[in-house]
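Engineer:
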Ligand code: HEA
Ligand code: HEA
Ligand code: CUA
Ligand SMILES: [Cu+2]
């Protein structure tokens with residue numbers, strides 16, 4: 008929660024204190040050097056002030072020992088900061104294995120969130136406390152950047168691909184959510200809040216705001232609506248690969264290479280299907296670029312992700 | 269400490285201007301617009317960039333006024349976006365990049381090495397014309413409504429989405445980029461080929477070393493930003509281009525190309541300032557710079573290693589964590605040469621004969637503010653911390669501390685120091701000290717609060733912001749007003765002194781260096797006879813009498 | 003790096019004209035080779051050969067047509083730095099592109 | 021650069037020596053060094069585009085192959101020969117200047133000029149053919165560069181590779197276009213030098229402009245030496 012004159016941001020995620028500790032460490036080092044140099048400059052300036060108009064300074068040229076010292080110490084300190092910064096960074100970059108996934112799409116100038124349970128929100132995001140949450144995001148137009156100051160995390164949302172960030176909120180309450188990458192006219196209006204709820208309240212909120220349909224179910228509808236089903240079903244006349252259990256598998260491609268079927272791959276398969284052709288299938292799938300929105304792609308992806316492996320099916324993805 | 273100074277200028281009775289010098293050698297507008305004299309071209313640049321500084325400063329004031337109130341006090345977000353973009357573009361490309369090199373560097377570099385001019389005087393003039401043409405495009409873009417992409421021109425916003433004057437503005441930057449390349453080229457060749465007899469590499473003033481390093485960056489980096497801006501323009505005109513994700517292009521690639529120049533460019537903006545400071549500290553301590561070779565080579569190290577760190581602007585932009593870490597460690601390495609410089613400057617003061625003339629006050633100011641700016645760079649280079657502060661006011665404060673607190677201070681310090689050489693006149697001492705003080709105070713009031721509000725999470729490029737950040741913004745705006753006054757004062761009294769100041773004499777500060785051995789102002793070809801350089805020309809406390817052959 | 007060529011004479015190394023013809027012939031032969039190799043499937047080696055030949059051709063031009071072979075050390079340094087910086091641009095940019103997918107893509111899967 | 025030397029202090033009055041240099045050697049060394057430094061700048065200027073090329077070739081290899089095959093190898097090959105030939109004539113021109121063979125110098129410069137123009141004319145026809153509706157070699161595939169709907173529309177069999185093909189085409193035009201602009205500038209400078217040569221202004225003591233122009237021209241040739249295999253020969257087999 009924001010006080011009226013804040014001096015330090017809320018620490019509302021597990022990572023926040025790690026970031027802040029690093030911040031304090033570098034502040035300490037920086038202060039030390041700032042004070043050291045300032046004091047020396049002042050002391051020298053006073054002590055050795057010019058007393059006679061034609062006076063010159065002592066002819067001192069340098070000292071190798073000193074040079075080594077003041078190269079070495081900053082170097083060691085700098086490497087310390089690097090290693091510390093790197094470990095914090097990797098902790099931010101590496102997503103824990105169990106997360107609650109939420110999809111986000113940035114668009115001039117709003118954030119659209121989709122929960123797997125089917126809820127949609129704009130410029131507001133509800134998350135449970137003490138649960139690792141992962142936000143998978145993309146953009147419909149230009150660069151945006153999803154930023155939660157209280158969690159100390161941000162990530163650019165980039166058109167044409169997915170990026171992600173994660174956090175575990177440790178405090179309930181309402182915190183800022185900003186767009187931190189300049190995106191045009193209403194960049195500063197592309198803000199909102201993240202609401203951290205206790206687990207039970209979150210469940211209640213999920214129930215209350217629910218449309219009754221999970222994201223996967225919405226995707227299933229789209230799957231029929233866009234006639235994907237005409238090709239991607241065991242009974243289809245024109246056969247495309249069965250998508251059951253596809254997510255996370257390694258797919259053999261006609262080009263001889265293989266690729267892991269992640270969200271990026273599914274997205275590409277829908278929007279630019281010819282870019283990677285599955286081995287053994289003709290390149291007949293039409294592109295859906297311009298027909299499905301990024302949000303619908305996410306729903307379709309979520310649907311494909313939800314499909315259980317089809318047991319014993321010959322059409323299961325090749326390995 | 270008591271050896272009396274030896275040198276030409278030790279006892280100058282009532283100095284007077286020389287009869288003939290570069291300013292009165294020829295007359296008329298044409299003699300200026302067609303001049304090939306590096307000193308006059310330096311002054312042409314001085315005049316031009318001062319206009320751009322005022323323009324950029326005007327936009328800074330608009331930005332600050334807007335941020336007085338959380339809802340935005342004076343303009344719509346659209347106008348605000350144009351205001352900060354024009355502020356950044358003008359200040360970087362049309363003011364700070366050329367600031368010290370094209371004015372003081374142009375004026376002094378040949379004199380300091382004992383040459384009659386730069387190697388290519390006409391190319392030097394061409395550089396100024398290109399700069400002016402580029403500037404005119406910038407102003408046309410401005411008159412047509414301005415550019416609203418931020419000074420970084422990120423795609424796809426700049427190429428596909430913005431409906432502002434990206435093409436005209438981009439062209440302006442492209443053209444003025446060549447001005448910068450030509451300046452760098454000229455400096456490099458001049459330093460290699462035009463040194464006077466006896467002016468060995470290790471007798472070169474550190475100012476020259478710094479400009480040599482700067483020039484390397486100018487010639488190696490600028491072409492890359494030129495082509496990237498051109499590719500953006502290409503994409504914008506054709507509506508299809510190589511950064512376009514819808515055909516499989518990568519917007520992040522633009523950022524790589526942009527920062528390949530623009531990170532080194534921040535060293536274009538600071539190295540010449542460091543060169544000035546090395547001269548000032550030596551001069552006003554009447555002492556040779558401590559660890560000359562380390563200071564000289566650290567400039568080169570900054571120039572070279574500075575090319576390896578650009579990805580620290582992209583930690584959260586979609587580059588992989590692995591390259592982020594690589595860029596992080598390299599960023600820390602490039603900080604070390606700056607540390608070396610800082611400590612050597614400090615050590616130079618030890619047992620010096622320190623006077624508090626105005627340029628030295630600026631040098632002290634530089635030390636303090638550059639320190640804060642540089643040290644806050646260490647926060648940003650820590651990848652895990654930058655995730656939080658990236659694109660917040662913390663970054664804005666960081667770079668203003670270095671660019672405004674550091675380089676601008678050095679620029680003003682150098683301008684005061686060499687003003688007597690440039691104009692032959694002394695500036696008013698009292699006023700100049702007062703303005704140095706005002707600038708220092710105003711500066712800190714403007715930008716220190718931005719660190720705090722930045723760490724709190726206030727994003728940059730925001731036309732409106734949550735109300736709890738207001739107090740910091742009000743302080744900042746108050747500071748900017750003071751700062752503005754601080755900057756206007758020198759412009760006024762320096763101009764005044766040009767006409768009414770007291771004649772300075774050849775070496776008013778009683779210091780070393782070839783530039784002080786010629787007249788103030790110097791003759792058109794700098795020296796009446798080619799000087800022969802010895803240790804005594806450049807070293808303090810050298811027993812030998814200075815020879816001007 | 004004679005820094006003060008006050009007394010230096012103008013002496014340029016004059017390369018005999020027949021060397022130029024020989025270099026020209028070599029360049030033409032190499033051009034034919036690149037074209038020919040493009041029709042042969044060498045897998046990854048194709049690009050290596052293509053660039054290798056291009057580098058060879060460029061070197062011949064630089065060394066003989068542009069006289070760098072007989073030029074001062076400074077010229078070598080200048081030429082070298084041009085290509086070195088190009089190398090920096092390409093290689094460091096590649097660190098990003100080559101490591102794409104090491105971590106992020108699999109992580110979007112679960 | 022070439023203008024009667026201004027002298028001052030009456031120190032020296034060597035013709036062609038500019039006032040701020042002490043000796044002809046110094047002046048010439050400065051000029052050549054200046055050109056080399058400029059060429060380094062040029063390397064990085066093209067370098068930005070090579071960087072993009074490298075990345076997208078990795079990403080869209082198949083598209084690059086397909087698009088590369090749309091280019092006219094015959095014309096590209098001829099142009100390569102033409103440009104290398106012009107490098108030879110420039111080199112011989114410099115040689116002639118060094119050895120004081122005025123007539124040969126003039127003829128070599130004329131030959132260079134002609135070859136340069138031939139290159140541009142051929143390039144023009146290549147562009148021309150790309151800029152119009154164009155049937156790809158592949159049956160039933162079209163690569164249209166100025167369709168009403170937008171640039172570089174790709175239909176038919178090649179459609180799957182549309183992204184890569186378009187990226188390639190943008191790079192093709194950007195890189196060869198930038199190269200052609202350098203040629204045009206070069207020809208402009210060449211015309212001036214040729215005029216001076218015809219007036220007999222160059223001597224074995226002073227021919228720096230010829231040499232410096234030569235450096236520039238060779239550089240432009242080198243750029244093409246890389247562009248040719250990278251654009252025309254991505255993969256012609258299989
Ligand atoms: C003149 C300009 C200038 C200079 C010199 C610097 C110098 C440095 N900068 Fe800065 N920087 C900018 C101008 C400059 N910067 C600008 C304009 C931006 C924003 C661009 C934009 O997005 O619009 C930016 C942004 C920026 C970022 C990206 C932030 C972000 O957007 O998220 C980073 C990250 O690493 C960074 C780091 C550094 C570092 C490590 C240095 C180092 O070189 C500093 C070295 C100096 C010191 C360290 C001080 C002296 C040393 C000591 C007293 C000894 C103690 C030292 C140690 C213990 C090591 N800068
Ligand atoms: C050399 C570089 C330079 C300089 C000198 C300055 C100087 C100043 N800058 Fe600048 N600034 C940048 C480079 C610079 N800046 C860059 C690169 C950006 C990033 C842009 C982007 O995000 O794209 C930026 C962004 C930036 C922002 C962030 C905007 C945002 O993100 O929303 C702010 C906010 O306070 C700011 C303030 C200031 C202030 C108060 C000054 C003061 O120091 C200015 C003081 C000067 C004056 C006040 C002028 C005095 C003159 C007059 C009053 C007369 C005017 C009248 C006539 C024309 C006759 N700057
Ligand atoms: Cu979206 Cu800024
Ligand atoms: Cu940087």
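Chains as they are written, first to last, in this note's numbering: chain A, 8 to 326; chain B, 269 to 817; chain C, 3 to 112; chain D, 21 to 258. C-beta atoms are modelled at their ideal positions from N, C-alpha and C, and glycine is treated no differently. Please read all numbers here as calculations on a predicted model, not as lab measurements.
1) Is it buried or exposed, residue 582/B, if we count other Cβ atoms within 10 angstroms and call 16 or more buried?
2) Taking buried to mean at least 16 other C-beta atoms within 10 Å of its own C-beta, is residue 103/A buried or exposed?
3) Closest Cβ-Cβ distance between residue 59/C and chain D: below 7 Å?
4) Which residues share a DSSP beta bridge with residue 768/B?
5) Do you know offhand how far residue 340/B's Cα is from residue 264/A's?
6) Does ligand 2 have a heavy atom nearer than 6 Å to the CB of residue 329/B?
7) Just to confirm, is the Cβ distance from residue 306/B to residue 328/B under 7 Å?
8) Please list the terminal residues of the continuous alpha helix (DSSP H) segment that includes residue 53/C.
9) Excluding the 5 residues flanking residue 806/B on each side, which residues of the same chain have their C-beta closer than 6 Å to its C-beta?
10) Counting beta carbon pairs with one atom in the region 75–82 of chain D and one in the region 108–117 of chain D, are three or more of them shorter than 8 Å?
11) How far does the alpha helix (DSSP H) with residue 804/B in it reach, from first residue to last?
12) Report whether the distance from the Cβ of residue 448/B to the nearest heavy atom of ligand 1 is below 6 Å.
13) Looking at residue 414/B and ligand 2, is the gap between the Cβ and the nearest heavy atom below 6 Å?
14) Thinking residue 500/B and residue 427/B are a contact (beta carbons under 8 Å), I'd like their distance in whole angstroms, please.
15) Would you give the residue range spanned by the alpha helix (DSSP H) that residue 163/A belongs to?
16) Select from 154/A, 132/A, 108/A, 189/A the residue whose C-alpha is nearest the C-alpha of residue 179/A.
17) Cβ-heavy atom distance between residue 752/B and ligand 2 below 6 Å?
18) Under 8 Å by Cβ, that's how I've got residue 690/B and residue 446/B pegged, so tell me the actual separation to the nearest angstrom.
19) Distance check for residue 314/B and residue 203/A, CA to CA, integer angstroms please.
20) What are the start and end residues of each continuous alpha helix (DSSP H) run of 4 or more residues lying completely inside the region 625–713 of chain B, in chain order?
21) Measuring alpha carbon to alpha carbon, tell me which of 168/A, 219/A, 310/A ends up nearest residue 272/A.
22) Compare the beta carbon distance of residue 769/B and residue 701/B with 7 Å and say whether it is the shorter of the two.
23) Does the distance between the C-beta of residue 860/B and the nearest non-hydrogen atom of ligand 2 fall short of 6 Å?
24) Locate the beta strand (DSSP E) running through residue 145/A, then write down its first and last residues.
25) Per DSSP, which residues does residue 201/A bridge with? Please list them.
26) Can you list, in chain order, the stretches of the beta strand (DSSP E) that have 3 or more residues and sit fully within the region 290–347 of chain B?
27) Looking at the unbroken alpha helix (DSSP H) that takes in residue 257/A, where does it start and where does it end?
28) Taking 6 Å as the limit, tell me which residues put their C-beta closer than that to any heavy atom of ligand 3, in chain order.
29) Does the distance from the C-beta atom of residue 80/C to that of residue 56/D stay below 7 Å?
30) Anyone know if the C-beta pair for residue 22/A and residue 143/A falls short of 7 Å?
31) Using a C-beta to C-beta distance shorter than 8 Å, which residues of chain B count as neighbours of residue 11/A?
32) Would you say the beta carbon of residue 531/B comes nearer than 6 Å to a heavy atom of ligand 4?
33) Can residue 352/B be considered in contact with ligand 2, in the sense that its beta carbon sits closer than 6 Å to one or more heavy atoms?
34) Candidates 423/B, 332/B, 551/B, 387/B: which alpha carbon is nearest residue 743/B's?
35) Are the beta-carbon atoms of residue 370/B and residue 458/B separated by less than 7 Å?
Structural biologist: Quick look at the numbers:
1) buried
2) Exposed, since its Cβ has fewer than 16 Cβ neighbours within 10 Å.
3) True, the Cβ-Cβ gap to chain D drops below 7 Å.
4) Beta-bridge pairing links residue 768/B to no other residue.
5) When rounded, the distance between both Cα atoms is 54 Å.
6) yes
7) no
8) That run of the alpha helix (DSSP H) goes 47–62.
9) 471, 780
10) no
11) 803–806
12) no
13) No, Cβ of residue 414/B sits at least 6 Å from all heavy atoms of ligand 2.
14) 5 Å
15) Note, residue 163/A: premise wrong, no alpha helix (DSSP H); beta strand (DSSP E) at 160–164.
16) 132/A
17) Yes - ligand 2 has a heavy atom lying nearer than 6 Å to the Cβ of residue 752/B.
18) Not confirmed; about 26 Å, so no contact.
19) 56 Å
20) Counting whole runs of 4 or more residues, the region 625–713 of chain B contains the alpha helix (DSSP H) stretches 626–649, 651–657, 661–668, 677–691.
21) 168/A
22) no
23) Because chain B spans 269 through 817 in this model, residue 860/B falls outside it and cannot be assessed.
24) 139–146
25) 132/A, 182/A
26) none
27) Residue 257/A -> not in any alpha helix (DSSP H); beta strand (DSSP E) instead, spanning 257–259.
28) Near ligand 3, residues with a Cβ at less than 6 Å from any of the ligand's heavy atoms are 113/A, 116/A, 151/A, 186/A, 188/A, 189/A, 190/A, 194/A, 197/A; the list follows chain order.
29) Result yes, Cβ atoms of residue 80/C and residue 56/D sit closer than 7 Å.
30) no
31) 736
32) yes
33) yes
34) 332/B
35) no
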